[in-house]
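So the structure is just underneath, and the comments pick up after that.
2 protein chains.
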Amino acid sequence: MGEMTANTRPQRRTRRMPTADELRIWREYIETAELVRAHVAASLQRESDLSTGDYVILLALSEADGHRMRSSELAAHIGWDRSRLSHHVGRMERRDLIRREECATDSRGAEIVLTGTGAEAFHRSTAPHLREIRTVFVDALTAEQLAAAGDVARALRAHLASEPRAAIAARR
Amino acid sequence: MGEMTANTRPQRRTRRMPTADELRIWREYIETAELVRAHVAASLQRESDLSTGDYVILLALSEADGHRMRSSELAAHIGWDRSRLSHHVGRMERRDLIRREECATDSRGAEIVLTGTGAEAFHRSTAPHLREIRTVFVDALTAEQLAAAGDVARALRAHLASEPRAAIAARR
DNA sequence: CAAAAGCGATTGACACGTCTACTATTCGAA
DNA sequence: TTCGAATAGTAGACGTGTCAATCGCTTTTG
């Protein structure tokens, strides 16, 4: 299912368009990843009433000293920008999953603190969430396919990092 | 609830948790796909001021008879639900990329019609968009990796389709 | 020390998606 | 034929993300 016809045409790389096959694989790649991501997210939501964002934040706080973290630390840790974190944390605070406290050492700062509710929700969610990932992703693939998925991801990232525009976009 | 205690028999497949390596690949898989998707979307936005959703709709209308389609047909064609399409089309109408007309044969219905502006925007966007996909995705991978990416996607979809819950979730 | 520059975090505006509810119309069966 | 169910589309509420602006506090520096 993957025979590519030999390409002997000496067009410049950046001018060439993808073939129909390449485009199909592109779409399958993006759409499948999104489908699987959505599936796992839906499971997490169903089982534990948590979004993936909630989970990421609760995980970070669970592992943090005193179950608390400075807002920007947390943002850096999970790779979000401060605005996104602030919005999300606002919503989580309304649901009593975390709370905000002012920072003793820097009055500009805020600390995000895990609440009991939040800790409990996180702990209830972990095992089913990980099992779902195993069920939907790991168990769907052979060992070779799993390794190949990792290789592909690594290659894409490496290529993106070497692209000038990619670097600019990623830096924001 | 309490059946997780020490067990004397081999664990069932669905009970096992992913290993650290498996989890790392899971994260790389999901995050990389998202990164690459976002990169291509940003390029499309930069070059043509179109979102991926805009592009999908404009593509469908470009190929449609008379550059127009019934709303639900369009939705089915691109795999969106009617509400999502209606919201998106509302935003696109404000930007004069499409317009809505009432349907002659069914007064409940609406037709989405490509405007000149929309057609022009789409045609300007196509080649750069496809080239970007080639640059960021196809050129990043060897032929084997590309084929493997397709295989992985196929395996994941097949597995999802065979999961009872997946089928339910996907059907909505 | 005071003004300027920098930093931490929040906010508002908007795009996008999902879910549910609602309106209007068409269709199907009693 | 009429009335209830199904269908087409829209609309509102809300979660989520990004971007730019803002606000208060800290640090730097003239």
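From first to last, the protein sequence lines stand for chains A and B.
Mapping of the first sequence onto this note's numbering: position 134 corresponds to residue 115, and the numbering continues sequentially without gaps.
Mapping of the second sequence onto this note's numbering: position 59 corresponds to residue 40, and the numbering continues sequentially without gaps.
Where a beta carbon is used, it is the ideal one built from N, C-alpha and C, also for glycine.
Nothing here was measured: the structure is a model prediction, and the numbers come from that model.
*With 16 other CB atoms within 10 Å as the buried threshold, where does G131/B fall?*
buried
*asked:* Between which residues of its own chain and E83/A is the CB-CB distance below 8 angstroms, once the five residues before and five after are set aside?
replied: G90, A91 and E92
*Output, in chain order, the set of chain A residues within a Cβ distance shorter than 8 angstroms of T86/B.*
Ordered by position in chain A, no residue passes the 8 angstroms Cβ test against T86/B, which lies about 33 angstroms from the chain.
_Taking the beta strand (DSSP E) that R(-3)/B belongs to, which residues open and close that run?_
From DSSP, R(-3)/B is part of no beta strand (DSSP E); its letter is neither H nor E.
*Using the C-alpha atoms, what's the distance from A14/B back to A14/A?*
6 angstroms
*I think L127/A touches V119/A, with their Cβ atoms under 8 angstroms apart; what is that distance to the nearest whole Å?*
7 angstroms
*Can you give me, in chain order, the residues of the segment 96 to 108 of chain B that have a beta carbon less than 8 angstroms from any beta carbon in chain A?*
A108
*Just list the alpha helix (DSSP H) runs in the segment 39 to 83 of chain B, keeping only unbroken ones of 4 residues or longer that don't cross its boundaries, in chain order.*
52 to 59 and 63 to 75
*Would you tell me roughly how many angstroms separate the C-alpha atoms of V17/B and S88/B, rounded to the nearest one?*
42 angstroms
_Collapsed DSSP secondary structure at A91/A in the structure displayed_ = strand
*Using a Cβ cut-off of 9 angstroms (strictly closer), state whether A14/B contacts chain A.*
yes
_Nearest neighbour of V94/B, chosen from R81/B, M(-2)/B and T86/B [CA to CA]_ = R81/B
*Inspect the beta-carbon positions of I114/A and E3/B and report whether they are closer than 9 angstroms.*
yes
*Exposed or buried, which one is R27/A when buried takes at least 16 other CB atoms within 10 Å?*
exposed
*Does DSSP put A108/A in a helix, a strand or coil?*
helix
*Is DSSP giving A85/B helix, strand or coil here?*
coil
_Whole-angstrom distance between R138/B and R65/A, CA atom to CA atom_ = 31 angstroms
_E101/A, buried or exposed, once every other Cβ within 10 Å from all chains shown has been counted against 16_ = exposed
*Run the CB neighbour count on A56/B, radius 10 Å, all protein chains shown included, and call it buried at 16 or more, exposed below.*
buried
_For chain B, check one thing: does any of its Cβ atoms lie closer than 9 angstroms to the Cβ of E7/A?_
First, the amino acid is wrong: residue 7/A is Trp here, not Glu. So yes, W7/A belongs to the interface.
*Using a C-beta to C-beta distance shorter than 7 angstroms, which residues of chain A count as neighbours of A130/B?*
I6, Y10 and V133
*So which of D46/B, E125/B and M73/B has the shortest CA-CA distance to V37/B?*
M73/B
*Between S53/A and the rest of its own chain, which residues show a CB-CB distance below 7 angstroms, the 5 nearest in sequence each way excluded?*
R63
_Identity of the residue in R8/B, V21/B, W7/B and G71/B nearest P109/B by Cα_ = V21/B
*Compile a chain-ordered list of the residues in the segment 108 to 121 of chain A whose CB is closer than 8 angstroms to at least one CB of chain B.*
A108, L111, R112, I114, R115, T116, V117, F118, V119, D120 and A121
*alpha helix (DSSP H) containing V133/B: first to last residue?*
A124 to S143
*asked:* Would you say M50/A lies against chain B (beta-carbon separation less than 9 angstroms)?
replied: no
*Looking at the C-beta of R89/B, does it have a partner C-beta in chain A at a distance below 9 angstroms?*
no
*How many Å lie between A1/A and W7/A at the Cα?*
10 angstroms
*Straight-line Cα distance separating W61/A from G99/A*: 20 angstroms
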